[in-house]
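Working notes, beginning with the structure itself.
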Amino acid sequence: MEEIQLQLEETKELMQKAVDHTAAELLKIRAGKAMPNILDGLMVAYYGTPTPIQQVASITTPDARTLSVKPWERNLIGEIERSIINSDLGLAPQNNGEIIILTIPPMTEERRKMLVKNAKNECESGKISIRTVRKETNDALKKLQKDGASEDEVKRAEDSVQKLTDQYSTKIDELLTKKEHEIMTV
Numbered sequence: 000m001e002e003i004q005l006q007l008e009e010t011k012e013l014m015q016k017a018v019d020h021t022a023a024e025l026l027k028i029r030a031g032k033a034m035p036n037i038l039d040g041l042m043v044a045y046y047g048t049p050t051p052i053q054q055v056a057s058i059t060t061p062d063a064r065t066l067s068v069k070p071w072e073r074n075l076i077g078e079i080e081r082s083i084i085n086s087d088l089g090l091a092p093q094n095n096g097e098i099i100i101l102t103i104p105p106m107t108e109e110r111r112k113m114l115v116k117n118a119k120n121e122c123e124s125g126k127i128s129i130r131t132v133r134k135e136t137n138d139a140l141k142k143l144q145k146d147g148a149s150e151d152e153v154k155r156a157e158d159s160v161q162k163l164t165d166q167y168s169t170k171i172d173e174l175l176t177k178k179e180h181e182i183m184t185v
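In structure tokens:
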């Protein structure tokens, strides 16, 4: 019985991680507003070492359509500019010698639809992760049953796992609905 409880706790934890990961991935999909987190994952060569841009510069949003990147060391401006140009963000950096200004262009309807599609794909990946956790947990429960756990306890645990699966899948659906609204709002 205790093993079953441990299995359910682990399942809950893994499903929450899948939701958290999906939420983090959705944050990277930009919705036409200047948000510092669109530069997350962008690496800059800092003395020969790939380093996240947030560790070598401050990123601010002076207004809704502009990002300002101020490197802590002036000699990094060219490196940061190169990283932004080589990324798939589609932004054209403007460098004034002290800071880099990124103007976020207004999105076309076609681009919005593409971003919604990306968000849906990301959410589907999250749901697949949740279903994988469900399958692994159910397999572990069947093994526990073979090792002597009662059939009724295992059945109740499988029902709990299904409820958790539904609950966490709903959380991902809510994330998608929110992101879709954010993207499609002009």
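Read in order, the letters of the sequence shown are residues 0 to 185 in numbering that gives the first Met the number 0. Backbone N, C-alpha and C fix where the C-beta goes; we use that ideal spot for every residue, glycine too.
1) With A118 and L66 assumed to form a contact (beta carbons below 8 Å), what rounded beta-carbon distance in angstroms separates them?
2) With C-beta atoms as the reference, is L101 less than 8 Å away from V68?
3) Label E1 either buried or exposed according to how many other C-beta atoms from any shown protein chain fall within 10 Å of its C-beta, with 16 as the threshold for buried.
4) Would you kindly work out how many angstroms separate the C-alpha atoms of K190 and T60, rounded to a whole number?
5) Between which two residues does the alpha helix (DSSP H) harbouring K142 extend?
6) I need the straight-line Cα distance from A63 to M34, nearest angstrom please.
7) Does DSSP put T184 in a helix, a strand or coil?
8) Nearest-angstrom Cα distance between S128 and K11?
9) Would V43 and I99 qualify as a contact pair, given that the criterion is a beta-carbon distance under 8 Å?
10) When the Cβ atoms of the region 166-174 are set against those of the region 90-99, are three or more pairs found closer than 8 Å?
11) Pairing CB atoms from the region 119-139 with CB atoms from the region 20-27, are three or more of them under 8 Å?
12) Compare the Cα-Cα distances from I94 to each of A148, N137, N74 and G40 and report the closest residue.
13) In the structure shown, what three-state DSSP assignment does A56 receive?
Looking at the atomic coordinates:
1) At roughly 21 Å, the Cβ-Cβ gap does not stay under 8 Å, so A118 and L66 are not in contact.
2) For the 8 Å CB-CB criterion, L101 and V68 form a contact.
3) It is exposed - the Cβ of E1 has fewer than 16 other Cβ atoms within 10 Å.
4) In this structure the chain extends from 0 to 185, so residue 190 is not present and cannot be described.
5) E108 to K145 is the span of the alpha helix (DSSP H), which, as asked, contains K142.
6) C-alpha separation (whole angstroms): 8 Å.
7) Note: T184 maps to coil in three-state DSSP.
8) Near 12 Å, if we compare the C-alpha coordinates of K11 and S128.
9) Taking 8 Å as the Cβ cut-off, V43 and I99 do not qualify as a contacting pair.
10) Taking 8 Å as the limit for Cβ pairs, the verdict is that the region 90-99 does not touch the region 166-174.
11) Yes: at least three Cβ pairs fall under 8 Å.
12) Correcting the residue type first, residue 94 is Asn in the shown sequence and not Ile. Nearest option by C-alpha distance: N74.
13) A56: strand per DSSP, three-state reduction.
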